[in-house]
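Peer 1: In the working numbering, the protein residues as written are 22 to 304. Virtual Cβ for every residue (Gly too), placed ideally from N, Cα, C. Attaching a single structure in structure tokens format; questions to follow.
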């Protein structure tokens with residue numbers, strides 16, 4: 022079991038990031054993507070959530086899975102608003118073969134669960150390698166998102182897609198990202214992960230300016246200077262940096278995000294150098 026001190030350490034970098042992102046130049050709603058503290062949540066969920074609330078956060082983004090039902094009362098107890106959640110991709114695509122598992126739920130049941138929890142955004146977070154493919158595969162995915170969105174809208178929920186780097190690697194001469202953005206109904210929003218955009222050699226500021234009104238959510242995390250351009254997720258733990266201690270220009274990103282109409286921001290750290298308690302304060 023983690024001690025309370027270790028749980029506080031697990032969210033120490035979140036406190037430093039919040040100080041940076043919510044400084045005088047920015048007043049947007051800053052939340053936490055709970056993936057950052059995934060290990061601490063497994064062993065000491067209540068202490069971890071209490072530590073996040075103690076830092077002054079009021080919003081979180083969670084994952085709509087089998088653990089969510091037990092975590093929700095703790096989040097509510099600590100007055101943390103679950104604004105957004107990630108969910109299993111096959112709930113929309115219907116293809117569970119890449120997960121090598123039986124269906125865990127249905128799309129309609131997931132929407133009902135999100136509605137009951139007061140969630141306003143449901144996000145398709147990731148395509149495994151076996152779930153990717155040709156340009157036609159991405160066109161079909163966009164169509165599936167368009168078909169899934171109305172059920173969300175009836176419940177007051179917005180559907181969104183979260184990018185990684187692979188969407189920017191051309192497939193048969195076309196970038197999956199462009200296919201999705203061209204084919205998705207504008208009511209299906211984007212959760213822009215600025216780290217993965219930059220990792221793919223793209224400029225997050227330019228994308229925000231290119232798609233005003235299309236990006237509803239942003240993941241804030243920084244990238245090490247000199248990190249190579251890659252389209253896969255195996256970038257190495259040292260590529261991830263706390264916001265403000267890497268190479269991304271977050272003042273420009275936040276300004277562009279505000280102008281583009283972004284509604285919510287979530288700090289996230291896939292991995293941190295050393296242990297989280299040793300994470301340096303950001304500036």
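Restricting to Cα atoms, I'd like to know which of 263, 215 and 272 is closest to residue 186.
Peer 2: With distances taken between Cα atoms, residue 186 lies closest to 215.
Peer 1: For residue 285, which residues does DSSP report across the bridge?
Peer 2: Its beta-bridge partners are 238.
Peer 1: Is it buried or exposed for residue 122, if we count other Cβ within 10 angstroms and need 16 for buried?
Peer 2: Burial call: exposed.
Peer 1: Three-state secondary structure (DSSP) at residue 232?
Peer 2: Three-state result, residue 232: coil.
Peer 1: Assuming residue 243 contacts residue 264 under a Cβ cut-off of 8 angstroms, what Cβ separation, rounded to an integer in Å, is found between them?
Peer 2: With a Cβ gap of about 5 angstroms, residue 243 and residue 264 count as contacting.
Peer 1: What residue does the beta strand (DSSP E) around residue 162 start on, and which one ends it?
Peer 2: Premise fails: residue 162 lies in the alpha helix (DSSP H), 156–175, not in any beta strand (DSSP E).
Peer 1: So, helix, strand or coil for residue 30, using DSSP?
Peer 2: With a pLDDT of 45 at residue 30, under the threshold of 50, the modelled position of this residue cannot be trusted, and the question is left open.
Peer 1: Kindly list the residues whose CB is nearer than 6 angstroms to the CB of residue 208, restricted to its own chain and excluding five residues on each side of it in sequence; keep chain order.
Peer 2: Only 170 meet the Cβ criterion.
Peer 1: Taking the alpha carbon of residue 97 as the point to measure from, which residue in 222, 292, 134 and 139 has its own alpha carbon closest?
Peer 2: Residue 97 has its Cα closest to that of 139, out of 222, 292, 134 and 139.
Peer 1: So is residue 124 buried or exposed if we call it buried at 16+ other beta carbons inside 10 Å?
Peer 2: Exposed: under 16 other Cβ atoms inside 10 Å.
Peer 1: Report the rounded CA-to-CA distance for residue 254 versus residue 177, giving the unit in angstroms.
Peer 2: Their Cα atoms are separated by approximately 33 angstroms.
Peer 1: Could you spell out where the alpha helix (DSSP H) holding residue 112 opens and where it closes?
Peer 2: Looking at the DSSP string, the run of the alpha helix (DSSP H) that includes residue 112 is 111–114.
Peer 1: Report the option in 66, 52, 146 and 108 whose CA atom is closest to the CA atom of residue 133.
Peer 2: Residue 108 is the option with its Cα nearest to residue 133.
Peer 1: Return the first residue and the last residue of the beta strand (DSSP E) that residue 95 is part of.
Peer 2: That residue, residue 95, is in no beta strand (DSSP E); its alpha helix (DSSP H) goes 89–98.
Peer 1: What did DSSP end up calling residue 82 once you bin it into helix, strand or coil?
Peer 2: Strand at residue 82.
Peer 1: How many whole angstroms separate the CB atoms of residue 228 and residue 218, which I take to be in contact at a CB cut-off of 8 angstroms?
Peer 2: Yes, residue 228 and residue 218 are in contact; Cβ-Cβ is about 6 angstroms, under 8 angstroms.
Peer 1: Let me check understanding here. Comparing Cα to Cα, which of 111, 92 and 245 lies closest to residue 103?
Peer 2: Answer by Cα proximity: 92.
Peer 1: Below 8 angstroms, how does it come out for the stretch 235–249 and the stretch 277–287: are there three or more Cβ pairs, yes or no?
Peer 2: At 8 angstroms Cβ cutoff, the stretches touch.
Peer 1: With 16 other CB atoms within 10 Å as the buried threshold, where does residue 69 fall?
Peer 2: Looking at its Cβ environment, which holds 16 or more other Cβ atoms inside 10 Å, residue 69 is buried.
Peer 1: List the endpoints of the continuous alpha helix (DSSP H) containing residue 199.
Peer 2: Start and end: 197–204.
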